[in-house]
Amino acid sequence: MKRVYVNEEWCLGCRLCEYNCAFANSGLSDMVLALKDKPVFPRIHVEGDEKITYAVSCRHCEDPVCVKSCIAGALSKENGVIKADPDRCVGCLTCVLVCPYGALAPGENGVMLKCELCLENSCGEPACVKGCPNRAIVYEERGETA
Amino acid sequence: MGVEFLYPEYEVIRSTDRCIACRVCERQCANEVHSYSAERGAMISDESKCVNCQRCVSLCPTRALKIVRSDCVLKANANWSNDTIREIYKQANSGGVLLSSMGNPKSMPVYWDRILINASQVTNPPIDPLREPMETRVFLGKKPDRMTRSPDGRLVCDLPPQLELSMPVMFSAMSYGSISYNAHASLARAATELGTYYNTGEGGLHEDFYKYGAHTVVQVASGRFGVHEDYLEAGAAIEIKMGQGAKPGIGGHLPGTKIVGDVSRTRMIPEGSDAISPAPHHDIYSIEDLRQLVYSLKEATEYKKPIIVKVAAVHNIAAIASGIARSGADIIAIDGFRGGTGAAPTRIRDNVGIPIELALASVDRRLRDEGIRNNVSLVVGGSVRSSADVVKAVALGADACYVATAAVLALGCHLCRTCQTGKCNWGIATQRPDLVKRLNPDIGSERLVNLMTAWRREIMELMGGMGINSIEALRGNRLMLRGVGLNEKELEILGISHAGE
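Residue numbers (the working numbering), protein chains in the order written: chain A, 4 to 149; chain B, 51 to 551.
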């Protein structure tokens, strides 16, 4: 399955991915309208220090512990993509606790937001990948992982 | 220090309607122009630090930024321009020699733009490069004057060593140190993929790039930095750098701050020491001395590699080239006064040397007149900006062109001309690891290959229009060129007729 991968050697820590992500998932067609003067809730987060930075987003694990642990049944796996159902999420943060990658974070109203590979939003392909200025984030097939 | 009199040259115009305060501009500016003011809840800028490299403009996701030249200028004066006055202020502030980067930006004549190319009509049909084979390959090196046969009648095919180029363009010298590891990686990979060559400049060859040796020209310059046996063996050709178009008559100076880690190892000098290339080669004071170095290098590499001698285009270039052609060199590279640099004294860059178009035309004619044109191939650089410039250069007599400014532009350079600060926001002219990583060689090499592929297509179109199907048939074919708006003397030197003639 194609996944989003980060080549930390080329990540500049510019955080454009975070803004492109938040915009792609805003449902709006104007980035300014979507993000200006508002708190931003991206589904990808740049982490690191002064020496190295990398963007973290959901790995879409083969055997996802978040799905197993979700007490509300809000997380599910469809065609390999782990999806979150905001209507079911109760904001208990168990998934945040169990995710070994730290890939999940709550959104504005406390329900979980997670990367769904932009397959169903306005971008249609991962916005973080499309907008990365240094090709540090790629969307490709690399074989299955745990 | 009191008032410096230097009002910022640029203004950072930020559309507050569009700015989403994502702070990408702040993170990407090595000059620290942008910052976020929590008190104001908005981005602010210190335009006095801006060099107009446009990194922030290019990365701003909402296109909220533009950099404009400040219209706060001094009273108009046709003699004392704003730039001239600013230079006076700078020197009065610092007492130093003015430094500049990249090529001469002054409004001197660009002869390429006053030369027009011919096309076939009616009596001599043009060729469609999409339907007919077209040859853009060139071979650089000494060519035999005549065919010879062995006693049993067979053709003697022993040629002196040649460089084979898929198109008449190579990437010219930029040292590892003046430009980054990733810039070199991009050039090396692109040259290999394109079937042409890049040039190490005077900084040695990083051990990671020996694998691209078959597409590398290794340079030996006055400082001899990074020169050792394996280095000479690694390259496809060896270039002796006598001069550079941007700074004829002076050497080089890479500040110690750039001599870090691998740069120091590759140059074979201690970390933090300034790399000073002397103005002359201290062992070369005549053509005979040059001949000794040419043959030392040939001897060291068993006569398997062509030797290039690179000189800056200066007043007596034809006589100089004639001497070089007799020195045993296989290729002469001439660098015009608009050639780029990572740092040069401004006065030298802007006032020394001559245009490459005139130098090329007079060298080609001189070598032909003296019957030694086949002794050497001619490569010209110093602002070859497009495929049309390449075609004009070939028609004026060049075997190939050297491009570097066009190559760094392809890598992202925005010609802000502040390479000397070492804070290149595009990851090209810098050694700061956080900036170097901004140039991903996967992207860089791809862009260079794209650029050269596009030029090659255009060269074929231009050749086809002239009814020429081989670049070799265009070389020195000055009948294919006409001048516009040039005086008699200029036309005479260029060896071309005026348009309409």
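Note that the Cβ used here is the ideal one computed from N, Cα and C, for glycine as well.
Through-space distance from residue j to residue i, alpha-carbon basis
i, j, result
"residue 328 of chain B", "residue 301 of chain B", "5 angstroms"
"residue 74 of chain B", "residue 403 of chain B", "42 angstroms"
"residue 280 of chain B", "residue 202 of chain B", "40 angstroms"
"residue 283 of chain B", "residue 431 of chain B", "25 angstroms"
"residue 389 of chain B", "residue 172 of chain B", "40 angstroms"
"residue 268 of chain B", "residue 412 of chain B", "28 angstroms"
"residue 35 of chain A", "residue 60 of chain A", "24 angstroms"
"residue 70 of chain B", "residue 107 of chain B", "14 angstroms"
"residue 249 of chain B", "residue 238 of chain B", "9 angstroms"
"residue 157 of chain B", "residue 132 of chain B", "15 angstroms"
"residue 517 of chain B", "residue 184 of chain B", "11 angstroms"
"residue 310 of chain B", "residue 470 of chain B", "16 angstroms"
"residue 87 of chain A", "residue 10 of chain A", "26 angstroms"
"residue 448 of chain B", "residue 368 of chain B", "14 angstroms"
"residue 37 of chain A", "residue 113 of chain A", "19 angstroms"
"residue 581 of chain B", "residue 318 of chain B", "In the structure displayed, chain B extends from 51 to 551; residue 581 of chain B sits before or after that span and is not available."
"residue 359 of chain B", "residue 464 of chain B", "30 angstroms"
"residue 82 of chain A", "residue 71 of chain A", "16 angstroms"
"residue 288 of chain B", "residue 190 of chain B", "13 angstroms"
"residue 298 of chain B", "residue 433 of chain B", "15 angstroms"
"residue 292 of chain B", "residue 347 of chain B", "15 angstroms"
"residue 443 of chain B", "residue 380 of chain B", "19 angstroms"
"residue 343 of chain B", "residue 542 of chain B", "35 angstroms"
"residue 149 of chain A", "residue 111 of chain B", "With a pLDDT of only 46 at residue 149 of chain A, under 50, the local geometry of the prediction cannot be trusted, and the value read off the model is given with reservation. Their Cα atoms are separated by approximately 35 angstroms."
Beta carbon proximity, residue i to chain A, threshold 8 angstroms
i, result
"residue 364 of chain B", "no"
"residue 106 of chain B", "no"
"residue 60 of chain B", "no"
"residue 68 of chain B", "yes"
"residue 72 of chain B", "yes"
"residue 481 of chain B", "no"
"residue 487 of chain B", "yes"
"residue 532 of chain B", "no"
"residue 109 of chain B", "yes"
"residue 165 of chain B", "no"
"residue 258 of chain B", "no"
"residue 312 of chain B", "no"
Residue-chain proximity (residue i, chain B), Cβ-Cβ < 8 angstroms
i, result
"residue 130 of chain A", "no"
"residue 15 of chain A", "yes"
"residue 3 of chain A", "In this structure chain A extends from 4 to 149, so residue 3 of chain A is not present and cannot be described."
"residue 19 of chain A", "yes"
"residue 138 of chain A", "yes"
"residue 171 of chain A", "For chain A, the structure presents residues 4 to 149; residue 171 of chain A sits outside this window and is missing."
"residue 133 of chain A", "no"
"residue 39 of chain A", "yes"
"residue 22 of chain A", "yes"
Simplified DSSP state of residue i, which is helix, strand or coil
i, result
"residue 255 of chain B", "coil"
"residue 387 of chain B", "coil"
"residue 91 of chain B", "coil"
"residue 57 of chain A", "strand"
"residue 141 of chain B", "helix"
"residue 234 of chain B", "helix"
"residue 48 of chain A", "strand"
"residue 26 of chain B", "Nothing about residue 26 of chain B can be read from this structure; chain B reaches only from 51 to 551."
"residue 529 of chain B", "helix"
"residue 84 of chain A", "strand"
"residue 309 of chain B", "coil"
"residue 123 of chain B", "coil"
"residue 335 of chain B", "coil"
"residue 82 of chain B", "coil"
"residue 115 of chain A", "strand"
"residue 223 of chain B", "coil"
"residue 108 of chain A", "strand"
"residue 371 of chain B", "helix"
Interface partners of residue i on chain D, CB under 9 angstroms
i, result
"residue 5 of chain A", "Among the protein chains in the structure shown, which are A and B, there is no chain D."
Own chain, CB closer than 6 angstroms to residue i, minus 5 neighbours either side, in chain order
i, result
"residue 144 of chain A", "5"
"residue 110 of chain A", "44 and 116"
"residue 142 of chain A", "5, 7, 129 and 132"
Neighbourhood of residue i by C-beta distance below 7 angstroms, restricted to the same chain and skipping five residues each side
i, result
"residue 529 of chain B", "none"
"residue 87 of chain B", "94"
"residue 101 of chain A", "68, 69 and 72"
Cβ neighbours of residue i in the same chain (closer than 8 angstroms, five flanking residues each side left out)
i, result
"residue 544 of chain B", "161, 165, 407, 408, 411, 446, 528, 531, 533 and 536"
"residue 15 of chain A", "56, 136, 137 and 139"
"residue 95 of chain A", "74 and 75"
Problem - Whole runs of the alpha helix (DSSP H) within the region 159-221 of chain B, excluding any shorter than 4 residues - result: Correct list: empty.
Handout entry: Any beta strand (DSSP E) of 3 or more consecutive residues that is wholly inside the region 450-494 of chain B
Key = Counting only runs of 3 or more, we get 450-453.
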